[in-house]
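*Asks:* Chains as they are written, first to last, in our numbering: chain A, 40 to 516; chain B, 40 to 516.
Cβ coordinates follow ideal geometry from the N, Cα and C atoms, glycine included.
Below you will find the structure I want to go over with you.
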């Protein structure tokens, strides 16, 4: 395999991401040592230098009075001091040959004119040097591969999802929720006001990064539209880029201005940028996570033909509505499929068709294992959406006073694997809310660990799958 | 207070709902004694007569060989025998002077021509008698007040919500999920094919029922449009009626035909019926539950002005987008409110405005308790949407190694109570997914038990509240 020659900006960011030493400026026990704990608990293997003149030591680590006191060079500096003194720390970082400075502190251009002036000083401090700034007003870097994290409670297993977020809160939320639905990350960047490195830089980096297979983005605004359009075009040629634009509304744009000092631009302009560049545009964190799940856990498809399976006739009707309204189809099954399904579905009150309402058969061992597999083999069906209603197996278990639910769920997973592995088609698990909360979590984890995407309702699954279908159709053109 | 004279149909259904004796036909230990356990565990206080010639006794109850063997009259008969023999049981029910027969069995008009013939025989069997049929192909009645239930695992605490569902699955799901978000029920009817009593009858009943304050409906189709329109008009004059129409799409309508034998009618016709009658039309179970939550837990409002509170700037931006896109407003706060909030919000990096991004202040004891109350008093604000991100207090607790999260959550609830009880304005709790699953459940239950509606994301909260606002605006006209 030929190695691709990487761009200069790729190398710069990659060095920061793979820092071998790290200084934390301003973390204190009063704040719970947020940053120090995040770094230590993520298992960072390089040198860690906490800096705070008021602290002797914590977590077994010596604290330094200032960054300049730290012995030798420091690759990465994370800064949590008041805005007014950040520029000073950045200058010291330059003196320590830092590759990157993450400025967590806020109070810059997002705040007022005075803050904007302070922000300019940060840029001046690194101008003409090899030191790059991430932020200010951001969470910085989360990279399981290099054991670098901005929270002490997110997964350190690496995975294929890259994420770029102007908002630190959304970056955290994304990492936290993604953990529960099986998403694992290559690199996550929260970059806030983007005074130096910006969304285009990180996008270019993730596009070139081999570990990253899918890129998610939350953008509020940008300073250089041309650059971003160019970066989006390049990135979408290589991998799916799913973008959530915050500040679509005028009031939201005003909020964005005071959040990250961003000029949002009109929703129309953004829509046309997304169309032009082949970006998958989404609205909201849930749709972002759901859409990424489809790209990560499902084989590519351009078929809009859904096979729907549930336990109830009511669900069958309303799930069909939601698929159709999303622009998908719920076609007839082939004669052969119906004949084959006939052997497994109880006759009383349910007929064999798409959507498939299994009613009582749903809970019979052996039924779903076979029914799902047969449905997956139908040439009329492109993907299967399977609704798991936890309160049926849980109740059966209670009524029969026997541990039957694990057998039922095991059969479900086996059936889904047949669709995915034998027929190479997407299977989407719909897992609606229920009062059986423990069982809900256990069942979700069962499907997640078997590598299936899980959605809270049919509408979100249909939307996410359709996003992916449109992407692959465009690719094919 | 003057007692209203009730309609004849009200009295008929009310007698069925308050049955004093009950026979269960065809329940067997093979099926886990589903019906018998549902009735026994719901605490039904009248006589219970299980009928199955193959069973001697179960759960300490004697089984009868046939319905006619049961001593004396039986108010309510629940039938679970193959479709072909249901008519016979209905005839016997008439002989036992039953007020109502719930036909759980399916295999009637929803199935094929033969089934439609069988269904006609049921109608003939009660024609000219005082016995009424609910079903076939349904779950029947769930009424905590009379300790009658169609599941052994749903709440038996009575409440203000009435629900009418053509689908048994949706009726169950509604009851199950409603339990977790604090909804409690007066009467729930699942009526399936509606061969005798139909949606208009149940709607008329719930409209007259004093215990029912809000009515939810899931309809797939109807036989008599005029009657339903009339019933909807009458009902909406008395209380909010929230309707979810299943089978909106053509494919969904086909599914409905084979689910409850219903003719769905075009989506356009239904839309105009809903407009004409003042019904609150919703799409999907989640929107139905969310909208009912607003009617149950919030004071009436016609103001579209939202006050938004969250911990993160990113959430502030995107929550604003969702409110605006739903047609709500996020106005400026009054000068006075800003001044008052100033005392409680940390200065670094957050400015005081709407949406209010509390950042670090979010976790400070005493902050939310006061901030929420002050926001509620602002005359520019009609409702408050408060986003609770469980992973912040949970992490603070972990970092500080002190049980601070209960103090933080306690302050949140106190603040929300001030808005509701002092300012008499709606407060909607946004509780997004998180990996802190135990804490999530505990926090949801905390808000639910304090009487607040809880939503999975801002979009669903905004949609549900706007549904209610539009209803109250129409009422005011």
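Given a threshold of 16 other Cβ atoms within 10 Å of its Cβ, counted over all protein chains shown, does residue 169 of chain A qualify as buried or as exposed?
*Replies:* Working through the first chain from its first residue, we reach residue 169 of chain A at position 130. That one is exposed.
*Asks:* In the DSSP assignment, the beta strand (DSSP E) including residue 86 of chain B goes from what residue to what residue?
*Replies:* As a working note, residue 86 of chain B is residue 47 in the second chain. Its beta strand (DSSP E) spans residues 86-90.
*Asks:* Over the uninterrupted alpha helix (DSSP H) stretch that includes residue 134 of chain A, give me the two end residues.
*Replies:* Here residue 134 of chain A is taken as the residue at index 95 of the first chain, counted from 1. 122-134 is the extent of the alpha helix (DSSP H) around residue 134 of chain A.
*Asks:* Taking its Cβ as the centre, do 16 or more other Cβ atoms sit within 10 Å of residue 492 of chain A, making it buried, or is it exposed?
*Replies:* Translated into positions along the first chain, residue 492 of chain A becomes position 453. Buried, because 16 or more other Cβ atoms sit within 10 Å of the Cβ of residue 492 of chain A.
*Asks:* For the region 450-469 of chain B and the region 286-297 of chain B, state whether three or more C-beta atom pairs, one from each stretch, are separated by less than 8 Å.
*Replies:* No contact exists between the region 450-469 of chain B and the region 286-297 of chain B.
*Asks:* Please determine whether the Cβ atom of residue 248 of chain A lies at a distance below 6 Å from any heavy atom of the ligand NAD.
*Replies:* In the structure shown, the ligand NAD is absent, as is every other ligand, since no ligand is present at all.
*Asks:* Using only alpha-carbon positions, find the residue among A:277, A:211 and A:140 that is nearest to residue 235 of chain A.
*Replies:* For the purposes of this step, residue 235 of chain A is identified with residue 196 of the first chain, where counting begins at 1. With distances taken between Cα atoms, residue 235 of chain A lies closest to A:140.
*Asks:* What are the start and end residues of the alpha helix (DSSP H) that includes residue 331 of chain A?
*Replies:* If you number the first chain from 1, residue 331 of chain A lands on position 292. Start and end: 324-336.
*Asks:* Which residues in chain B sit within 9 Å of residue 396 of chain A, going by Cβ to Cβ distance?
*Replies:* The residue labelled residue 396 of chain A in the question sits at position 357 within the first chain. Those are 208, 294, 297 and 298, listed as they occur along chain B.
*Asks:* Which word fits residue 61 of chain A, buried or exposed, when buried means at least 16 other C-beta atoms lie within 10 angstroms of its C-beta?
*Replies:* As a first step, residue 61 of chain A must be located in the first chain, where it is residue number 22. Label assigned to residue 61 of chain A: buried.
*Asks:* Between A:178, A:137, A:270 and A:482, which has its C-alpha nearest residue 210 of chain A's C-alpha?
*Replies:* Here residue 210 of chain A refers to the residue found at position 171 of the first chain. Taking only the C-alpha atoms, the option nearest residue 210 of chain A is A:178.
*Asks:* Check for me: the beta strand (DSSP E) holding residue 281 of chain B runs from which residue to which?
*Replies:* Indexing the second chain from 1 puts residue 281 of chain B at position 242. Per DSSP, residue 281 of chain B belongs to the beta strand (DSSP E) from 280-284.
*Asks:* Quick check on residue 218 of chain B - is its C-beta less than 7 Å from some C-beta in chain A?
*Replies:* As a working note, residue 218 of chain B is residue 179 in the second chain. So yes, residue 218 of chain B belongs to the interface.
*Asks:* Do residue 25 of chain A and residue 480 of chain A have their C-beta atoms closer together than 7 Å?
*Replies:* Nothing can be reported for residue 25 of chain A, as the shown portion of chain A is limited to 40 through 516.
*Asks:* Should residue 287 of chain A be labelled buried (16 or more other beta-carbon atoms within 10 Å of its own) or exposed?
*Replies:* Here residue 287 of chain A is taken as the residue at index 248 of the first chain, counted from 1. So residue 287 of chain A ends up on the buried side.
*Asks:* Quick one: which residues of the region 327-353 of chain B get their C-beta closer than 7 Å to a C-beta of chain A? List them in chain order.
*Replies:* The region 327-353 of chain B vs chain A, Cβ under 7 Å: 350, 351, 352 and 353.
*Asks:* What are the residues in the region 249-279 of chain A lying within 8 Å of chain B by C-beta distance?
*Replies:* Per Cβ criterion, the list reads 257 and 259.
*Asks:* Take residue 498 of chain A and list the residues in its own chain whose beta-carbon comes closer than 6 Å to its own, dropping the five residues that flank it on each side.
*Replies:* Translated into the one-based positions of the first chain, residue 498 of chain A becomes position 459. Excluding sequence neighbours, residue 498 of chain A sits near 361.
*Asks:* Counting only Cβ-Cβ distances shorter than 9 Å, please list the residues of the region 354-379 of chain B near chain A, keeping chain order.
*Replies:* Residues passing the 9 Å Cβ filter: 354, 355, 356, 357, 358, 359, 360, 361, 362, 363, 364, 368, 369 and 370.
*Asks:* Check this for me: beta carbons of residue 203 of chain B and residue 474 of chain A, under 7 Å apart or not?
*Replies:* Translated into the one-based positions of the second chain, residue 203 of chain B becomes position 164. Translated into the one-based positions of the first chain, residue 474 of chain A becomes position 435. Cβ atoms of residue 203 of chain B and residue 474 of chain A: not closer than 7 Å.
*Asks:* Report the neighbours of residue 156 of chain B on chain A: residues whose CB is nearer than 7 Å to its CB, in chain order.
*Replies:* Walking along the second chain from the start, residue 156 of chain B turns up at place 117. Correct list: empty, because the minimum Cβ distance to chain A is about 16 Å.
*Asks:* By the 9 Å beta-carbon criterion, what residues does the region 447-476 of chain A contribute toward chain B?
*Replies:* Flagged, chain order: 471, 472, 473, 474, 475 and 476.
*Asks:* Whose C-alpha, out of A:327, A:277, A:401 and A:485, is nearest the C-alpha of residue 511 of chain A?
*Replies:* One-based indexing of the first chain puts residue 511 of chain A at position 472. The option with the nearest alpha carbon to residue 511 of chain A is A:277.
*Asks:* For chain A, check one thing: does any of its Cβ atoms lie closer than 7 Å to the Cβ of residue 388 of chain B?
*Replies:* Locating residue 388 of chain B in the second chain gives position 349, where the first residue counts as 1. At residue 388 of chain B the pLDDT is 48, less than 50, meaning the model places this residue with poor confidence; the figure from the coordinates comes in the next sentence. So, interface residue.
*Asks:* Would you kindly report the start and end of the unbroken beta strand (DSSP E) that includes residue 346 of chain A?
*Replies:* Here residue 346 of chain A refers to the residue found at position 307 of the first chain. From DSSP, the beta strand (DSSP E) with residue 346 of chain A extends over 345-349.
*Asks:* How would you label residue 374 of chain A, buried or exposed, when you count the other beta carbons within 10 angstroms and need 16 or more for buried?
*Replies:* Counting from 1 along the first chain, the entry for residue 374 of chain A is found at position 335. It counts as exposed.
*Asks:* Short of 8 Å Cβ to Cβ, which residues in the region 400-431 of chain B face chain A?
*Replies:* Answer set for the region 400-431 of chain B: 428 and 430.
*Asks:* Distance check for residue 504 of chain A and residue 388 of chain B, CA to CA, integer angstroms please.
*Replies:* For the purposes of this step, residue 388 of chain B is identified with residue 349 of the second chain, where counting begins at 1. For the purposes of this step, residue 504 of chain A is identified with residue 465 of the first chain, where counting begins at 1. Summary for residue 388 of chain B: the model assigns pLDDT 48, below 50, so the residue's position carries little reliability; its value from the coordinates is reported in the next sentence. Looking at the two C-alpha atoms, the distance is approximately 39 Å.
*Asks:* Using a Cβ-Cβ distance under 7 Å, would residue 174 of chain A count as near chain B?
*Replies:* Your numbering for residue 174 of chain A matches position 135 in the first chain. Not an interface residue.
*Asks:* Can you tell which of A:127, A:188, A:501 and A:180 has the C-alpha that lies nearest to the C-alpha of residue 164 of chain A?
*Replies:* For this step, residue 164 of chain A is matched to residue 125 along the first chain. Checked all of A:127, A:188, A:501 and A:180; the closest Cα to residue 164 of chain A is A:127.
*Asks:* Are any of the Cβ atoms in chain B nearer than 7 Å to that of residue 96 of chain A?
*Replies:* The residue you call residue 96 of chain A lines up with position 57 of the first chain. No, because no Cβ of chain B sits closer than 7 Å to the Cβ of residue 96 of chain A.
*Asks:* If you measure between the beta carbons of residue 355 of chain A and residue 396 of chain A, is that distance less than 7 Å?
*Replies:* For this step, residue 355 of chain A is matched to residue 316 along the first chain. For this step, residue 396 of chain A is matched to residue 357 along the first chain. Taking 7 Å as the Cβ cut-off, residue 355 of chain A and residue 396 of chain A qualify as a contacting pair.
*Asks:* Short check: CB of residue 81 of chain B to CB of residue 186 of chain B, under 7 Å?
*Replies:* For this step, residue 81 of chain B is matched to residue 42 along the second chain. For this step, residue 186 of chain B is matched to residue 147 along the second chain. Contact: yes.
*Asks:* Would you please verify whether the beta carbon of residue 115 of chain A is less than 7 Å from any beta carbon of chain B?
*Replies:* Taking the first residue of the first chain as position 1, residue 115 of chain A is located at position 76. Output row for residue 115 of chain A: interface = no.
*Asks:* For residue 130 of chain B, which residues in the same chain have their Cβ closer than 6 Å to its Cβ, ignoring the five residues on either side in sequence?
*Replies:* In the second chain, counting from the first residue as 1, residue 130 of chain B sits at position 91. Answer for residue 130 of chain B: 164, listed in chain order.
*Asks:* Give the residues of chain A in contact with residue 323 of chain B, contact being defined as C-beta atoms less than 9 Å apart.
*Replies:* Within the second chain, numbered from 1, the residue matching residue 323 of chain B stands at position 284. Within 9 Å Cβ-Cβ: 357, 360, 361, 496, 497 and 498.
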